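**Q** Before we start, here is the structure in question, set down as structure tokens.
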Amino acid sequence: MASIDMKNIVKKYGDGFPAVNDVSMDIADGEFMILVGPSGCGKSTLLRMIVGLEDITSGDMVIGGKKVNDKAPRDRNLSMVFQNYALYPHLSVFENIAFPLRLQKAPEDEVKRKVNEAADVLELHEHLQRKPANLSGGQRQRVAMGRAIVRAADAFLFDEPLSNLDAKLRGQMRTEIARLQRRLGITTVYVTHDQTEAMTLGDRVCVLRKGVIQQVASPRELYEQPVNLFVAGFIGSPPMNFLPATLKGNTLDTPFGPIELDDRRAKAVGDRDLVLVGIRPEYFEDASLVEETKKHVGSTFTARVDVTEWLGDSQYAYIPYEAPADVTAQLKELSRELDSDQLRTQAIVSIDSTSRIREGRESKFWLDSRKIHVFDPATGDNLTRDAEAGAELTRLASEDRAEQVEHARNSGLTVTGKHAASDDKAS
Ligand SMILES: Nc1ncnc2c1ncn2[C@@H]1O[C@H](COP(=O)(O)OP(=O)(O)OP(=O)(O)O)[C@@H](O)[C@H]1O
Ligand SMILES: [Mg+2]
Numbered sequence: 001m002a003s004i005d006m007k008n009i010v011k012k013y014g015d016g017f018p019a020v021n022d023v024s025m026d027i028a029d030g031e032f033m034i035l036v037g038p039s040g041c042g043k044s045t046l047l048r049m050i051v052g053l054e055d056i057t058s059g060d061m062v063i064g065g066k067k068v069n070d071k072a073p074r075d076r077n078l079s080m081v082f083q084n085y086a087l088y089p090h091l092s093v094f095e096n097i098a099f100p101l102r103l104q105k106a107p108e109d110e111v112k113r114k115v116n117e118a119a120d121v122l123e124l125h126e127h128l129q130r131k132p133a134n135l136s137g138g139q140r141q142r143v144a145m146g147r148a149i150v151r152a153a154d155a156f157l158f159d160e161p162l163s164n165l166d167a168k169l170r171g172q173m174r175t176e177i178a179r180l181q182r183r184l185g186i187t188t189v190y191v192t193h194d195q196t197e198a199m200t201l202g203d204r205v206c207v208l209r210k211g212v213i214q215q216v217a218s219p220r221e222l223y224e225q226p227v228n229l230f231v232a233g234f235i236g237s238p239p240m241n242f243l244p245a246t247l248k249g250n251t252l253d254t255p256f257g258p259i260e261l262d263d264r265r266a267k268a269v270g271d272r273d274l275v276l277v278g279i280r281p282e283y284f285e286d287a288s289l290v291e292e293t294k295k296h297v298g299s300t301f302t303a304r305v306d307v308t309e310w311l312g313d314s315q316y317a318y319i320p321y322e323a324p325a326d327v328t329a330q331l332k333e334l335s336r337e338l339d340s341d342q343l344r345t346q347a348i349v350s351i352d353s354t355s356r357i358r359e360g361r362e363s364k365f366w367l368d369s370r371k372i373h374v375f376d377p378a379t380g381d382n383l384t385r386d387a388e389a390g391a392e393l394t395r396l397a398s399e400d401r402a403e404q405v406e407h408a409r410n411s412g413l414t415v416t417g418k419h420a421a422s423d424d425k426a427s
């Protein structure tokens, strides 16, 4: 169990290009931190520097209060769980879990005790005598985690552990990892580029772009109060829509008609020629299905729908709109960078599944203007971000988290401290 503190971490490979550029981040003891970002943004490099598989060009890596820059991986007492779990096929589950203890030449009774404790937590008792080949993917992963538990690793590190599994198994394993991490209370850093994994697993999520941290916050804060266009476009599926607009007084003039801003947001935007208005698909609705009493918090507009997609529990409508050439070019570039194939000059709108809006027709839509954000097209900055409201969301998330950990500890399921004897430290 340990905290992981990174101070101005830089990684330059041979060609001098910084793959990780001045990353500073404190991961609390027991916290579940997610690293996300498009391919090549430096996620794996950062993880490998934590474990010690990659040299740090400059900056400090501090684990459990001790600087580890020059420590070999085996002296860092961390456990990396790989995609293929690296189990020994000829050994039983028991011996696979016991492996680090055998290396330490631990006495037989200690090995038995520790493996049994780990098997308790991981619900692996009935499989202890089997070989890995006869286990399901989820069971194999638990064995790999068992190995980390018996050696009392200070942290778990995962690099896209589920990326080669099919969708169903992925979902099961995701839940499994979440459950185990909560139970064990072990500091965890988890790399993914999967939206759902990032949003559901993490206490906090760190969004990286070209080696630079954009924002570190709870999933809710990232979603509600993104710092810039990049984070706003990256988090959320289907993604946030960005409409070109100009502001006059408190009114945004957009391709979907006028949108009123409250004083705080209007003041924050100030006097600018062109802005981008960020509207999530779910802020829209079929106007005929919105209660009269609610209508005044948003605006109504008419548009022609290109395509509708009915998904049973929900429905999407695609509405094309006109944008100046430079805005279109910029949004295209953003899409490319986000690895998204989304055409950015059509809005994706989520409407009730009962809506009769159909393609080709002029239809009336309503949009909720309370949560929209306004971005500077040149810098990408979110001009209307409410930092206080955002911080409050992350505070609430950490409160919920503390409660869960407390609950797990009271129910006696965590292994925290149990194995923290000094003879475990080497592996
Ligand atoms: N050994 C290496 N030598 C030189 N450049 C490297 C090396 N490893 C990675 N890079 C470069 O560093 C950058 C970050 O790579 P990294 O593997 O950390 O990305 P990633 O975020 O994990 O991407 P992915 O999602 O594709 O796994 C990339 O531009 C990559 O080309
Ligand atoms: Mg990677």
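For the sequence shown, counting from 1, position 67 maps to 67 in full-length UniProt numbering; every step adds exactly one. Think of the CB as a built atom: it goes at the ideal place given N, C-alpha and C, for glycine as much as any other residue. Owing to the predicted nature of the structure, the values given are computational and were not obtained by experimental measurement.
Could you give the distance in angstroms between the alpha-carbon of R147 and the alpha-carbon of L103?
**A** On the sequence shown, residue 147 is found 147 positions in, with the first residue counted as 1. On the sequence shown, residue 103 is found 103 positions in, with the first residue counted as 1. Approximately 12 Å, taken between the alpha carbons.
**Q** Shortest alpha-carbon distance to L274 belongs to which of E126, V374, I149?
**A** Residue mapping note: residue 274 aligns to position 274 of the sequence shown, counting from 1. Comparing Cα positions, the closest option is V374.
**Q** Taking DSSP as the reference, what is the three-state secondary structure of V93?
**A** Stepping through the sequence shown from its first residue, residue 93 is reached at position 93. If DSSP states are grouped into helix, strand and coil, V93 belongs with the helices.
**Q** For ligand 2, any of its heavy atoms closer than 8 Å to the Cβ of S369?
**A** For the purposes of this step, residue 369 is identified with residue 369 of the sequence shown, where counting begins at 1. Because no heavy atom of ligand 2 lies under 8 Å away, the Cβ of S369 does not count as near it: no.
**Q** Is S39 near ligand 1, going by C-beta to nearest heavy atom under 8 Å?
**A** What you label residue 39 is simply residue 39 of the sequence shown in a count that begins at 1. The answer is yes for S39.
**Q** Taking C-alpha atoms, which residue in P89, I213, I56 lies nearest to P73?
**A** What you label residue 73 is simply residue 73 of the sequence shown in a count that begins at 1. Among P89, I213, I56, the Cα nearest to that of P73 belongs to I56.
**Q** Relative to the alpha-carbon of R272, which residue among A378, Q346, Q139 has its alpha-carbon at the smallest distance?
**A** The residue labelled residue 272 in the question sits at position 272 within the sequence shown. Closest option to R272, Cα to Cα, is A378.
**Q** Looking only at its own chain, which residues have a Cβ that is under 6 Å from the Cβ of N410, when we skip the five neighbours before and after it?
**A** Here the question's residue 410 lines up with position 410 in the sequence shown. Nothing meets the Cβ criterion.
**Q** Report the three-state DSSP secondary structure of S350 (helix, strand or coil).
**A** For the purposes of this step, residue 350 is taken as the residue at position 350 of the sequence shown. Correct three-state label for S350: strand.
**Q** With a cut-off of 8 Å on the beta carbons, I'd call T45 and V81 a contact; round off their distance for me.
**A** Numbered from 1 along the sequence shown, position 45 holds the residue referred to as residue 45. Numbered from 1 along the sequence shown, position 81 holds the residue referred to as residue 81. Not confirmed; about 18 Å, so no contact.
**Q** At what residues does the beta strand (DSSP E) containing D22 begin and finish?
**A** Here residue 22 corresponds to residue number 22 of the sequence shown, with the count starting at 1. From DSSP, the beta strand (DSSP E) with D22 extends over 18–27.
**Q** Quick check on the DSSP output: the alpha helix (DSSP H) that includes P161 runs from which residue to which?
**A** In the sequence shown, residue 161 corresponds to position 161, counting from 1. That residue, P161, is in no alpha helix (DSSP H); it is neither H nor E in DSSP.
**Q** Output the residue ranges of the alpha helix (DSSP H) runs that lie fully inside the stretch 65–142 and measure 4 residues or longer, sorted by chain position.
**A** Runs found: 93–103, 108–122.
**Q** Can you give me the C-alpha to C-alpha distance between M6 and A217, rounded to a whole angstrom?
**A** Translated into positions along the sequence shown, residue 6 becomes position 6. Translated into positions along the sequence shown, residue 217 becomes position 217. If you take the alpha carbons of M6 and A217, they lie about 16 Å apart.
**Q** Since S92 and Q129 are thought to touch, with beta carbons under 8 Å apart, how far apart are those beta carbons, to the nearest angstrom?
**A** Mapped onto the sequence shown, residue 92 falls at position 92. Mapped onto the sequence shown, residue 129 falls at position 129. Confirmed, about 5 Å.
**Q** So for K168, helix, strand or coil by DSSP?
**A** Within the sequence shown, residue 168 is the residue found at index 168, counting from 1. Here K168 sits in helix by DSSP.
**Q** CA-CA distance, A198 and K114?
**A** Mapped onto the sequence shown, residue 198 falls at position 198. Mapped onto the sequence shown, residue 114 falls at position 114. Distance between the alpha carbons of A198 and K114: 32 Å.
**Q** If I follow the unbroken alpha helix (DSSP H) through M33, where does it start and stop?
**A** Here residue 33 is taken as the residue at index 33 of the sequence shown, counted from 1. From DSSP, M33 is part of no alpha helix (DSSP H) but of the beta strand (DSSP E) over 32–36.
**Q** Could you check the C-alpha separation between S398 and D203 for me, to the nearest Å?
**A** The residue labelled residue 398 in the question sits at position 398 within the sequence shown. The residue labelled residue 203 in the question sits at position 203 within the sequence shown. For S398 and D203, the distance between alpha carbons rounds to 7 Å.
**Q** Taking 8 Å as the cut-off, is the C-beta of T57 nearer than that to any heavy atom in ligand 1?
**A** By one-based count along the sequence shown, residue 57 stands at place 57. No, the beta carbon of T57 sits no closer than 8 Å to any heavy atom of ligand 1.
**Q** Just list the residues that DSSP pairs L247 with in beta bridges.
**A** Locating residue 247 in the sequence shown gives position 247, counting from the first residue. DSSP, once it has assigned bridges, lists L252 as partnering L247.
**Q** Consult DSSP for I372 and reduce its assignment to one of helix, strand or coil.
**A** The count along the sequence shown starts at 1 and reaches residue 372 at position 372. In this structure, I372 counts as coil in the three-state DSSP scheme.
**Q** I'd like to confirm the pairing. Which residues does DSSP put opposite S299 in its beta bridges?
**A** Reading the sequence shown from its first residue, position 299 is the one you call residue 299. In the DSSP output, where bridge partners are listed per residue, S299 has L367.
**Q** Less than 8 Å between C-beta atoms, sequence neighbours within five positions excluded: which residues of the same chain meet that for E54?
**A** On the sequence shown, position 54 is the one that residue 54 refers to. Contacts found: K11, T45, R48.
**Q** Can you list the residues near ligand 2, meaning Cβ strictly closer than 7 Å to any non-hydrogen atom, in the order they appear in the chain?
**A** Checking every Cβ against the heavy atoms of ligand 2 under 7 Å gives K43, S44, D159, E160, V191.
**Q** In three-state terms, what does DSSP make of D55?
**A** For the purposes of this step, residue 55 is taken as residue 55 along the sequence shown, with counting starting at 1. Three-state result, D55: coil.
**Q** Would you mind sorting N134 into buried or exposed? The rule is 16 or more other CB atoms within 10 Å of its CB.
**A** As a position in the sequence shown, residue 134 is number 134, starting the count at 1. Result: exposed.
**Q** Could you name the residues of the same chain whose beta carbon sits closer than 6 Å to that of M33, not counting the 5 residues immediately before and after it, in chain order?
**A** Translated into the one-based positions of the sequence shown, residue 33 becomes position 33. Around M33: I27, V189, R204.
**Q** Q225 by DSSP, collapsed to three states: which one?
**A** Counting from 1 along the sequence shown, the entry for residue 225 is found at position 225. Coil at Q225, not helix or strand.
**Q** Quick one: is the Cβ of L208 within less than 8 Å of any heavy atom of ligand 4?
**A** This structure lacks ligand 4; its bound ligands are ligand 1 and ligand 2.
**Q** For L157, is the beta carbon positioned less than 8 Å from some heavy atom of ligand 1?
**A** Within the sequence shown, residue 157 is the residue found at index 157, counting from 1. No, ligand 1 has no heavy atom inside 8 Å of this Cβ.
**Q** Between S24 and N8, what straight-line distance do the alpha-carbon atoms span, to the nearest angstrom?
**A** Taking the sequence shown and counting its residues from 1, the one referred to as residue 24 is at position 24. Taking the sequence shown and counting its residues from 1, the one referred to as residue 8 is at position 8. C-alpha separation (whole angstroms): 5 Å.
**Q** For a minimum of 3 consecutive residues, which ranges assigned as the beta strand (DSSP E) are wholly contained in the stretch 195–223?
**A** If we require 3 residues or more, the beta strand (DSSP E) runs fully inside the stretch 195–223 come out as 204–209, 212–217.
**Q** Identify whether R304 lies in helix, strand or coil by the three-state DSSP scheme.
**A** In the sequence shown, residue 304 corresponds to position 304, counting from 1. If DSSP states are grouped into helix, strand and coil, R304 belongs with the strands.
**Q** Nearer than 8 Å: is that true of the beta carbon of F17 relative to any heavy atom of ligand 1?
**A** Sequence index remark: in the sequence shown, residue 17 carries index 17 (1-based). F17 Cβ: within cutoff of ligand 1.
**Q** Would you kindly report the start and end of the unbroken alpha helix (DSSP H) that includes T328?
**A** Counted from its first residue, the sequence shown places residue 328 at position 328. Residues 325–337.
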